[in-house]
Every structure is written in structure tokens, then in C-alpha cells.
Ligand code: EPZ
């Protein structure tokens, strides 16, 4: 089990580079199921979830090349033959996003068997909205022995209205609709940039899609899709995490290879706390913070609101701000796993239902802490970067799921952080999904 050793106190100064978005690469890899041709994706992050998705596709009969190293971060996927259209439990339990193969498998192969994802550290994570949409499109769905089986000769276009906004639900049904007979109108869709990324790839493959990135998406089904090459957008949550790192350490940090237009809510909130934010170029954001930070409330919302995936990281910053910050989590029912660990480091946080009250500034002292899920782990890294002394973070495989070589990137801008154990071993330490 890898650990991080972090000595706090160093302001982060310099330029840190963002990798491709994990939550774009995952649906884009699943989209390769929709064609017999090769799909090549560039700027794929070297993280555990991508390796899990590779194993999932290979287990179904796909050929997946996954190249890393300085020049690559590329994957080429061929789903010419899908001998076993099934997402097995031992893979699904480690990554909920495996449910993203459901729509494409039914659309391409006429059937899918997907293990029910079950819950995870941050909540129940149901996929009832995915199922409801597929049934509306003519799929017959049965559930037994923990597996969901979906069948359809050919999906039919339908008018789908999501009961609540769901990112992977929108992605799953978008991929189902592109090969369906006729037109599909989807309303109350998620508007995250990852949806726009997926729609851009599908369009490059020959799909007919209008409105991706808005809450209403219109799709005209086609007979088949062809291969494509597509470059994944930068990871806005990794970028936001680094912006908070520059702010919490009172540094002067340039976050490069990012897309500032995807960071509006995060940048606005950082400015509200007194952090100075500049946008020197089309793919860079600069943060400087030397004075006292001011408390500011957040309430997580679907994009373009303040992202739930940045809530834990922001809470770490709020522990250092003068005053009371109210943190309201509206998307998931159990996304305060980081609170107890922050309190153990000296933070003053009280939780009441889905609201946390953070009083600052609190002097954080280093200690041993346990990572529990992807973004809670990021929050503990940020806290350790300002805590007095040397912190030990256990179970950092949670970090490796969504942050590429984060210790190398942070060390490159002055952080005192070391990994104990071997660097990113994709096979090590699988656990329940986030
Ligand atoms: C995606 O998860 C992301 N994962 C999550 O990022 C992110 O936190 C989340 O969207 C919200 O932005 C990927 O893209 C792989 P949802 P997803 O469906 O799609 C409920 C990370 O840190 N819901 O938008 O699973 C659900 O329980 C991960 O990278 C239903 O009730 O989230 C939740 O309360 C963590 N029924 C809310 O909707 C459904 O059928 C939003 O979930 C689907 C969802």
C-alpha cells in the first residue's frame, strides 16, 4: 500500500502541468464500442481508472493499446470483435464508471450484461436513470444475481427527460442514441465539459448530435459509425486542485495545459477568498496568495456551478480562511469523508447533514491520515502542504485513480512530498469505486 510523506510549509512556485481529463477519457474509451474501426485518443491521463477501463474493454474482447511515456499518453482501441459483452463484477466494483459501457453495448451488440455498480465511498451511486432511458428506447432490462441484462434488436429514438441531472447518465444514453433508429431528444441533460468532449468524438466518428453542453441534446441515429482520432480536453478538476494548492500554500503558481473557461466557478470562489487569479494565456491560470484568506461559502451544483469534485479541496482551503465558511454538498449524500481527517489535523469543522461549517484560520499539525476516496485524498494532500511537520497519507491508490504522478508534479513546484512504495502500479490496491 503506497503512502505519501509530506512536509508542510513550502509555498508552491513555478509552473505545473495538467493532464487529460479522466472523466472525458472514460466515456470516450467506451465510445469505441460503437464501431468496428480503430479509435485513437490522445492526451489520456496515466491513472488507475484508465487502466481499469482498458481491462474492462479487453475482457469484452476488444484490443486496447495503452501507451504512456513522455510523448504518448495515447490509447488505440479496436472493438472489431466483442466476444463477451459483459462488464464483470470484479471490475465494476473498483470503478462505477464501468456502467458507461451499458448504452454502447446495447447499441452495438444488441445486448449487455453489466454488474450493478453498488455503492461506494461517496454514496449509493444508482443507475436507475440510465435504465429508464434505455427502456424508453426499447431495451428490455432484467436484473438478477447482481447483474443487469439489457437487450434490444435495435434501439429506437425517444424523447428522454432526466428526472435529475446525471453526468454518466447523459453520456450513456447519448452513446445509445447515436446508433438508434430515428431521432432522440434528451432534456435536463448534464452540461459538464466532459459531455462536450464525448459528443465531439462521436461527431468525429460520424454521429449527428446537436446541443451537447446544453441541457437539451438532439441526436439523429445513423446506421454505423467509423473510427476517429481525438484529443481529450484537460482535466478541470486536476487544474482546480492545483489552483487551490497554489492558494493554500501562499505561493505563486502557474497552472498550464488547462482550459480556464471550464474553471469559472472555481476561479470566482478563489477570488472571493482574496486569492489573486490571472489568466495570462489561453491555457494557463496563475494564482497568487500572500495575504490573509477570507471565508466564503460554497454550495455544490451541476456544471457550470461549483463542482462537487472540488468541494473537498475547497474545504481544505477554507480551514485557512479568516471567518466562517459554509460548505453545502448537494450532489452526493456522503461526500464529507475528508472532514474527520482534517479535524485530526487541527481543523475546526462541524457537519450537520449535508452542510459543513468551517471556522478558520486553524493551525494544522501534521499527522498520519487515511485516504478514503479520490477527492478526499486530494483534500488531505492540500492540508498536509500547509500543516506543521511531516504527514503520512495512507492508501494513496485512491489518488492514483484520478491524479497522474501528483507527487512528481507537486515536487516540481517546491512541495516536499515523497511516495513510499512503488510508483503507480495499476494492479495494486483495488478497492470500492468512487
Ligand atoms: C460523474 O459521476 C463523475 N464521474 C463524478 O466524478 C462526479 O462527481 C459526478 O459525475 C458529478 O459531477 C465520472 O464522470 C466518471 P451523476 P456520476 O450521475 O455520473 C444521482 C470523480 O471524482 N443519480 O452526475 O456517477 C447520483 O446518485 C468522480 O472523478 C441517480 O439518482 O454522477 C448523484 O446523487 C466522483 N440515478 C447525482 O445523481 C442515476 O441513474 C449525480 O450523479 C444516476 C445518478
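In my numbering, the protein residues as written are 12 to 445.
In this text, a Cβ means the ideal position worked out from N, Cα and C, and glycines have one as well.
query: Is the beta carbon of residue 137 within less than 6 Å of some heavy atom of the ligand EPZ?
result: Yes; taking the cut-off as 6 Å, the Cβ of residue 137 has a heavy atom of the ligand EPZ nearer than that.
message: I want to check one thing, is the minimum distance from the CB of residue 320 to the heavy atoms of the ligand EPZ below 6 Å?
response: Because some heavy atom of the ligand EPZ lies under 6 Å away, the Cβ of residue 320 counts as near it: yes.
field: Contacts around residue 333, its chain only, beta-carbon distance under 7 Å, and the 5 residues preceding and following it disregarded
entry: Excluding the 5 residues flanking it on each side, residue 333 has same chain C-beta neighbours closer than 7 Å at 303, 304, 305, 306, 371, 372, in chain order.
- prompt: Hey, would you say residue 323 sits closer than 7 Å to residue 365, going by beta carbons?
  reply: No.
task: Could you name each continuous alpha helix (DSSP H) segment of 4 residues or more that falls completely within the region 186–262, going from the start of the chain to the end?
output: With a minimum length of 4 residues, the continuous alpha helix (DSSP H) runs that stay inside the region 186–262 are 204–215, 247–259.
- prompt: Anyone know if the C-beta pair for residue 214 and residue 206 falls short of 7 Å?
  reply: No. Outside cutoff.
query: Given a threshold of 16 other Cβ atoms within 10 Å of its Cβ, counted over all protein chains shown, does residue 89 qualify as buried or as exposed?
result: Looking at its Cβ environment, which holds 16 or more other Cβ atoms inside 10 Å, residue 89 is buried.
Residue 444 versus residue 193 - alpha carbon distance: Note that residue 444 scores a pLDDT of 41, beneath 50, so its modelled location is shaky; the value from the coordinates is reported in the next line. In this structure, the CA atom of residue 444 is about 35 Å from the CA atom of residue 193.
- request: Measure the C-alpha to C-alpha separation of residue 411 and residue 56 and round it to an integer number of angstroms.
  value: Roughly 10 Å separates the two Cα atoms.
- request: May I ask which residues mark the beginning and end of the beta strand (DSSP E) holding residue 158?
  value: 158–162 is the extent of the beta strand (DSSP E) around residue 158.
query: Among 427, 240, 299, 409, which one has its Cα closest to the Cα of residue 401?
result: The option with the nearest alpha carbon to residue 401 is 427.
message: Excluding the 5 residues flanking residue 77 on each side, which residues of the same chain have their C-beta closer than 6 Å to its C-beta?
response: Short of 6 Å from the beta carbon of residue 77, and not among the five residues preceding or following it, lie these beta carbons of its own chain, in chain order: 65, 86.
- prompt: Can residue 386 be considered in contact with the ligand EPZ, in the sense that its beta carbon sits closer than 6 Å to one or more heavy atoms?
  reply: At a cut-off of 6 Å, the beta-carbon of residue 386 counts as near the ligand EPZ: some heavy atom of the ligand is closer than that.
message: Taking 6 Å as the cut-off, is the beta-carbon of residue 140 closer than that to any non-hydrogen atom of the ligand EPZ?
response: Checking every heavy atom of the ligand EPZ against the Cβ of residue 140, one is found closer than 6 Å.
With 16 other Cβ atoms within 10 Å as the buried cut-off, status of residue 361: Classified as exposed, residue 361 has fewer than 16 neighbouring CB atoms from the shown chains inside 10 Å of its CB.
query: Tell me which same chain residues have a C-beta within less than 7 Å of the C-beta of residue 310, skipping the five on either side of it?
result: Closer than 7 Å at the Cβ level, and outside the excluded window around residue 310, lie 317, 339, 341.
Contact under 7 Å by Cβ, residue 250 with residue 328: Not closer than 7 Å, so no.
- request: Locate the beta strand (DSSP E) running through residue 361, then write down its first and last residues.
  value: Run containing residue 361: 359–363, per the beta strand (DSSP E) assignment.
- request: Kindly indicate which three-state DSSP category residue 442 falls into: helix, strand or coil?
  value: Low local confidence applies: a pLDDT of 43 at residue 442 is under 50, so the model's placement there is unreliable, with the coordinate-based value given in what follows. In the structure shown, residue 442 adopts coil according to DSSP, grouped into three states.
- request: Less than 8 Å between the CB atoms is what I'm expecting for residue 238 and residue 50, so what's the real figure, rounded?
  value: The C-beta distance from residue 238 to residue 50 rounds to 5 Å, short enough to meet the 8 Å contact threshold.
- request: Name the one or two DSSP bridge partners that residue 29 has.
  value: Note: residue 29 sits in no beta bridge, so no partner.
- prompt: Under the rule that 16 or more other beta-carbon atoms within 10 Å means buried, what is residue 20, buried or exposed?
  reply: Its Cβ having fewer than 16 others within 10 Å, residue 20 is exposed.
query: Shortest alpha-carbon distance to residue 167 belongs to which of 156, 152, 145?
result: Among 156, 152, 145, the Cα nearest to that of residue 167 is on 145.
message: Shorter than 6 Å, the distance from the beta carbon of residue 398 to the closest heavy atom of the ligand EPZ, or not?
response: Residue 398 Cβ: outside cutoff for every heavy atom of the ligand EPZ.
field: Of the residues 185, 218, 190, the one placed nearest residue 226, counting alpha carbons only
entry: It is 185 whose Cα lies nearest to the Cα of residue 226.
query: Roughly how many whole angstroms lie between the Cα atoms of residue 37 and residue 108?
result: CA-to-CA, the gap between residue 37 and residue 108 works out to about 7 Å.
message: Restricting to Cα atoms, I'd like to know which of 275, 210, 191, 224 is closest to residue 234.
response: Residue 234 has its Cα closest to that of 191, out of 275, 210, 191, 224.
field: Distance, residue 143 Cα to residue 170 Cα
entry: Between residue 170 and residue 143, the C-alpha separation is close to 12 Å.
Exposure of residue 431, with buried meaning 16 or more beta-carbon neighbours within 10 Å: Of the residues assessed, residue 431 falls on the exposed side of the cut-off, its CB having fewer than 16 other CB atoms within 10 angstroms.
task: Using 10 angstroms around the beta-carbon of residue 331, count the other beta-carbons present and answer buried if the total reaches 16, otherwise exposed.
output: Taking a 10 Å sphere around the C-beta of residue 331, we find 16 or more other C-beta atoms and assign the residue as buried.
- prompt: Beta carbon of residue 187, beta carbon of residue 126: below 7 Å?
  reply: Not in contact: residue 187 and residue 126 (Cβ atoms no closer than 7 Å).
- prompt: Do residue 242 and residue 54 have their CB atoms nearer than 7 Å?
  reply: Yes; because the gap between Cβ atoms is below 7 Å, this pair is in contact.
task: Could you spell out the range, first to last residue, of the alpha helix (DSSP H) harbouring residue 278?
output: Per DSSP, the continuous alpha helix (DSSP H) segment holding residue 278 begins and ends at 275–283.
message: Let me check understanding here. Comparing Cα to Cα, which of 197, 59, 277, 299 lies closest to residue 385?
response: The shortest Cα separation from residue 385 among 197, 59, 277, 299 belongs to 59.
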